[in-house]
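Peer 1: Have a look at this one.
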Amino acid sequence: MEGVSCPVSGKPAKADKTCDLHGKTVYFCCPNCVKAFAADKDKFATKAGHQLVATHQAVQVACPISGKGLKEGTEVDVDGAQVGFCCPNCKAKFAGFDTDGQLNCAFGKFEKNFTTQTDCPVSGKAINPACSTEHEGKKVYFCCGKCKKAFEGDPSKFADKL
């Protein structure tokens, strides 16, 4: 838990103080912060989303400025979490925000810019955010086009991995 901060207090988080968000684990410093978070997840969602990315439980799939796909080499560190952009212009715009502005921009629309699906449902490998399809109203990500094609051929075969 080194370097992981409680999204409520900002203090160091502990592995045994947790709550669920988007099907993943958010870590806290104490039981009171767990209760505060559970009572009002929306209030702490931005910092909790940041923690999910910093702890590698979520993968970025879109630029926080434009919503477009990500371009390699545009990443910046936002308090321990890597955030990428579609182009140098969006990266520069983001750099102009203060710390709170960067957190809100990058993690405030968590479900739009990130996915908690970190593994390909076909191969089990890390996903490639540029390779996806829609399934039952939800975006599903894959490691490669071959796996996407296999999934599209028989989605029920991989349903238990979604």
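So in this note's numbering, the last spot in the sequence shown is 384, and the numbers never skip.
We put the CB at the ideal spot given by N, CA and C, even for glycine.
Return the chain-ordered list of same chain residues with a C-beta closer than 6 Å to the C-beta of residue 347, the five sequence neighbours on each side being excluded.
Peer 2: Stepping through the sequence shown from its first residue, residue 347 is reached at position 125. Answer for residue 347: 365, listed in chain order.
Peer 1: Select from 238, 349 and 309 the residue whose C-alpha is nearest the C-alpha of residue 288.
Peer 2: The residue given as residue 288 occupies position 66 in the sequence shown. Comparing Cα positions, the closest option is 309.
Peer 1: Are the segment 317-331 and the segment 359-375 touching by the rule of at least three beta carbon pairs closer than 8 Å?
Peer 2: Result no; under three Cβ-Cβ pairs closer than 8 Å.
Peer 1: Who are the Cβ neighbours of residue 224 in its own chain at under 7 Å, not counting the five residues just before and after it?
Peer 2: Within the sequence shown, the letter at position 2 stands for residue 224. The answer is none, since no qualifying residue turns up.
Peer 1: Note down, in chain order, each residue of its chain lying with its Cβ closer than 7 Å to the Cβ of residue 380, except the 5 sequence neighbours on either side.
Peer 2: By one-based count along the sequence shown, residue 380 stands at place 158. Excluding sequence neighbours, residue 380 sits near 343, 344 and 373.
Peer 1: Considering only the alpha carbon of each residue, which of 268, 265, 234 and 244 lies closest to residue 252?
Peer 2: Your numbering for residue 252 matches position 30 in the sequence shown. For residue 252, the nearest C-alpha among the options comes from 234.
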